[in-house]
Amino acid sequence: GAGVSQTPSNKVTEKGKYVELRCDPISGHTALYWYRQSLGQGPEFLIYFQGTGAADDSGLPNDRFFAVRPEGSVSTLKIQRTERGDSAVYLCASSLTSSSYNSPLHFGNGTRLTVT
Amino acid sequence: DQQVKQNSPSLSVQEGRISILNCDYTNSMFDYFLWYKKYPAEGPTFLISISSIKDKNEDGRFTVFLNKSAKHLSLHIVPSQPGDSAVYFCAAALSGGSNYKLTFGKGTLLTVNP
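Quick mapping for you: the protein sequence lines, in order, are chains C and U. Under our numbering, think of the first position of the first sequence as 1397, with each following residue one higher. Under our numbering, think of the first position of the second sequence as 260, with each following residue one higher.
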């Protein structure tokens, strides 16, 4: 079956530009997450959606980062005025429910963002 | 401050032998722990988990041990196979309403030599 799909797989952009990263979760998964993995680090939580609403955006680093999930399925992570420090792999994950106990996260392959 | 620590960046073992990957945590509010495996250019995939009410969980060649008093867990792979070569991440979830949010360690690169 189809897993979590992320596009593009790679994105190179210039400092100051705007980028959008897309995530297509597994069909039927109500919970969707964005994580960021910097070089040499583990994934770090950014934001969690339950349905259409952002239930927890406490991991977003600053107000240049924003994410939406308007119809409760596909999500877009938007980064304004990109900085070189934003360079990382952005991972999207989905799960059947929001509980870690019985619904592990299924990750996509990520979008590698490089800001030059 | 890293709440989940994997102090060994890499580990190399011979095929057929045991691989032991270690993880320490500092937050006593963590009550659920997971291991994820990651191949290059792919996302992490769930491997095995353990609740804090248990001290051991086994799934085929993979066993996770939890020592709550020491705030330490380990993943044992027996026997190790070349296909197990990957980065292994330890992750922890808080008890209660925030258990959807995982805190990951930095990972350990396991190499299994034929």
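By construction, the Cβ of each residue, glycine as well, lies at the ideal position given by its N, Cα and C atoms. All values reported here derive from a predicted model rather than from experimental measurement.
- Identification of residues in the stretch 1432 to 1459 of chain C having a C-beta nearer than 9 Å to some C-beta of chain U yields Q1433, G1436, Q1437, G1438, P1439, E1440, F1441, Y1444, Q1446, A1451, D1452, S1454 and G1455, given in sequence order.
- The contact set of P1500(C) on chain U, defined by CB atoms closer than 8 Å, consists of L293, F305 and S308 in chain order.
- Chain U places a beta carbon closer than 8 Å to that of F1503(C), counting this residue as a contact.
- Under the three-state reduction of DSSP, D343(U) is assigned to helix.
- Residues of the same chain with a CB within less than 6 Å of the CB of F1445(C), apart from the 5 flanking positions on each side, are L1428 and R1465 in chain order.
- A Cβ of chain U is located within less than 8 Å of the beta carbon of Y1497(C).
- When C-beta distances to chain C are compared with 7 Å, the residues of the stretch 344 to 366 of chain U below that value are F348, A352, N358, Y359, K360, L361, F363, G364, K365 and G366, in chain order.
- Contiguous alpha helix (DSSP H) elements confined to the stretch 273 to 345 of chain U do not occur, taking only those with 4 or more residues.
- When M288(U), S271(U) and S287(U) are compared, the shortest CA-CA separation from L280(U) is found for S271(U).
- With respect to the 8 Å criterion, S308(U) and Y291(U) are classified as neighbours on the basis of their beta carbons.
- The beta carbon of G302(U) falls within 8 Å of a beta carbon belonging to chain C, placing the residue at that interface.
- Taking all protein chains in view, the Cβ of S1491(C) is crowded by 16 or more other Cβ atoms within 10 Å, so the residue is classified as buried.
- In the three-state scheme derived from DSSP, where H, G and I count as helix and E and B as strand, S357(U) is classed as helix.
- Rounded to whole angstroms, L325(U) and G356(U) show a C-alpha spacing of 22 Å.
- Non-local C-beta neighbours of G1468(C) in its own chain, meaning closer than 6 Å and more than five positions away in sequence, comprise G1447 and T1448, ordered along the chain.
- The beta carbon of G1468(C) does not come within 8 Å of any beta carbon belonging to chain U, so the residue lies off that interface.
- A distance below 6 Å between beta-carbons, with the five flanking residues on each side excluded, links K1474(C) to the following residues of its chain, in chain order: E1416 and F1462.
- About 6 Å separates the beta carbons of G1438(C) and G366(U), which is inside the 8 Å limit, making them a contact pair.
- By DSSP's assignment, Q1402(C) forms a beta bridge with C1419(C).
- Among the residues facing chain U, S1494(C) is included, as its CB has a counterpart in that chain under 8 Å away.
- Excluding sequence positions up to five before and after V1511(C), its CB lies within less than 7 Å of the CB of T1409, K1411, T1478, E1479, R1480, D1482 and S1483, all in the same chain and listed in chain order.
- 8 Å or more divides the Cβ of S339(U) from the Cβ of M288(U).
- Between the alpha carbons of S1494(C) and Y1486(C) lies a gap of roughly 20 Å.
- In this structure, the beta-carbon distance from G342(U) to V263(U) does not fall below 8 Å.
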